[in-house]
Amino acid sequence: MQFTSFKALAIFAASFFAFSAAAHPSCKTGAVWADPHDCHSFYECAAGGIPVRKTCGPGTAYNSRFGICDYEEKVRSCHGHGVVGHDESSEGHGQQGKDDGNGQSEGHGQEGKKDDGNGQSEGHGQEGKKDSKGQSSEGHSEGAQEQGNLKPTNILLELEDPDRVISRYLEEVPPRMDTQGNIKVPLREVITTPCISEMDAPHIRIIDFGVASWRDKHLSEQIQSPALRAPEVTIGAPWDTGVDIWSLGCLLMELVQGIAPFSGEASERGTWTAEDDRLARIIEILGPFPLDFLKKGSRTLDLFDEKGGLLRIPNMKSTSLERLLNGTTKPFLKPDDMPDAEVPVFIDFLRGMLTIDPEHRKSAAELLQHEWVRL
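The sequence shown maps to residues -22 to -1, 1 to 353 in mature numbering (1 follows the signal peptide of the UniProt record, and there is no 0).
The structure is reproduced here in structure tokens:
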């Protein structure tokens, strides 16, 4: 594992959010862009910088090349293109672990569930080096967008020299005869992806802004993959750019340790839901939800009692970020290339992102000034 590469990912992502990158072209009055989820629709920037979704007429689709509604058969993106919704609540994330090596094997003290709520996963290997073009200290400024869907599959590595990589692939993989067309084509086989430590200067690209929202005009209130969903989104409280910071904290922990800390699993007997389990794991690792914060949620009464306890999971077993990141057994050992003195600094950096109340969560600009980034 190359821990410094994960640091580069954190720096890049924080820089990216601090730069207030837009999911669509800058919303200037009259600007038009395609709806990535529906080839029949498009967005137009109205007065005041507010995006307005519009739909093409029957038999037509939005042609992004010419910026017009065109005959559907002429729009390549519309061939077999279905409409994709904003809600990802049914999407899974990571693999569940069996035991955390720290005595947590009964799952919240109920039903004898074997999974301890630490959601071990294999890691995604999608690390990278920061792109200096993304750095800024402005923070999520006015008019910025929340990515709202930051997850491992939306973080890609950019090939430094695609032509060279393709040429090398064609040289190493022997051709074979295509029996259908009597044409020699490269033999398709599984090729291992080089580890981050083998790449000279990898760069990261964050993709999929189809569910991104403006901070002052949400296109959907149900955002983020469940395991990466910020507490304020779960309880139905007002949310802002801090949701991306929470997702980044979850991702960084997963990439460094290979565990998805807040993945949830419903109980076999139906005692609690996967959402209850995710909240329980947050409480077990980070502590109770502040009562003042819970009062802001429209769904709080469906999940918590008047004292801030979970309605369906009253008994929990506490742990900590320290135990998960610097434990005594696998997979909770610190990375080999992380010095002992760096552990508490990294945990403090992570805690700044994984703060339950978004009002006290660190901003992207603040994270870029953290001691760990400058080590």
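Cβ atoms here follow ideal geometry from the backbone N, Cα and C, with glycine treated the same way. Because the structure is a prediction, the values reported are computed rather than measured.
Please report the distance separating the alpha-carbon of A9 from that of C23.
5 Å
**Q.** Length of the line joining the Cα atoms of F324 and W350
**A.** 6 Å
### Query
Leaving out five residues before and five after F267 in sequence, what residues of the same chain have Cβ atoms less than 6 Å from its Cβ?
G286 and I334
Does DSSP put S145 in a helix, a strand or coil?
helix
message: I'd like the list of long-range same chain contacts for L353, defined as Cβ closer than 7 Å, with 5 residues on each side in sequence excluded.
response: E320 and V323
Next on the checklist: Can you list, in chain order, the residues of its chain with a C-beta nearer than 6 Å to that of H338? Leave out the 5 residues immediately preceding and following it.
Outcome noted: none
Could you tell me the distance, in whole angstroms, from the CA atom of S191 to the CA atom of P317?
39 Å
* Asked: For N304, which residues from the same chain have a beta carbon less than 8 Å from its beta carbon, with the 5 sequence-adjacent residues on both sides left out?
  -> F310, L311, K312, V321 and I325
* Asked: Start and end of the beta strand (DSSP E) containing L257?
  -> Segment A252 to L264 is the alpha helix (DSSP H) holding L257; no beta strand (DSSP E) there.
| task | Look at L128 and S225 and say whether their C-beta atoms are less than 8 Å apart. | result | yes
Q. Quick one: Cα of S296 to Cα of K273, how far?
A. 24 Å
| Under the three-state DSSP convention, the category I201 falls into | coil
Simplified DSSP state of F310, which is helix, strand or coil
coil
*Under a Cβ-count criterion, where at least 16 other Cβ atoms within 10 Å of its own Cβ denotes burial, should S68 be classed as buried or exposed?*
In this predicted model, S68 has a pLDDT of only 33, less than 50, meaning its place in the structure is not dependable; the value taken from the coordinates is given anyway. Burial call: exposed.
Q. Would you call the region 193 to 207 and the region 253 to 263 in contact, with 3 or more CB pairs under 8 Å?
A. yes
- Does DSSP put H181 in a helix, in a strand, or in coil? strand
| query | So, T307 versus I213, is the Cβ gap smaller than 8 Å? | reply | no
**Study point:** Own chain, CB closer than 7 Å to T33, minus 5 neighbours either side, in chain order
**Key:** H18 and S19
ask   = Does the Cβ of I260 have 16 or more other Cβ atoms within 10 Å, making it buried, or fewer, making it exposed?
value = buried
_Just verifying my parser: in three-state terms, what is the DSSP assignment at W217?_
coil
- Closest by C-alpha distance to K340, when choosing among I237, W217, I223 and F44: I223
Per DSSP, what kind of secondary structure is I133 in: helix, strand or coil? strand
| said: Can you list, in chain order, the residues of its chain with a C-beta nearer than 6 Å to that of E284? Leave out the 5 residues immediately preceding and following it. | reply: none
Margin query: Which residue marks the beginning of the beta strand (DSSP E) containing A12, and which one marks its end?
Written below: V10 to A12
Under 8 Å between the Cβ atoms of L229 and L257? no
- request: Report the rounded CA-to-CA distance for R301 versus N293, giving the unit in angstroms.
  value: 20 Å
Notebook entry, point to check: What separation, rounded to the nearest whole angstrom, lies between the Cα atoms of L328 and L346?
Noted result: 12 Å
Contact test: R146 Cβ vs the ligand NAD heavy atom, cutoff 7 Å:
Annotation note on the ligand NAD: not contained in the displayed structure, which lists no ligands.
Item to complete: Helix, strand or coil for T33, going by three-state DSSP, please let me know.
Response: strand
Where the alpha helix (DSSP H) through A39 begins and ends
From DSSP, A39 is part of no alpha helix (DSSP H) but of the beta strand (DSSP E) over T38 to N41.
For a test of the three-state rule: what should DSSP assign to Q228, helix, strand or coil? It is Cys, not Gln, that sits at residue 228 in the sequence shown. In this structure, C228 counts as helix in the three-state DSSP scheme.
Q.
Assuming D48 is part of the beta strand (DSSP E), what are its boundary residues?
A. I46 to Y49
So who's on the other strand from T195, going by DSSP bridges? Here residue 195 turns out to be Lys, not Thr, going by the sequence shown. Answer is W192, bridged to K195.
>> With H, G and I counted as helix, E and B as strand and the rest as coil, what does DSSP make of L289?
In response: coil
Exercise. Quickly, what does DSSP pair residue 363 with across the bridge? List them, please.
Key: Not covered by the structure: residue 363. The range shown for the chain is -22 to 353.
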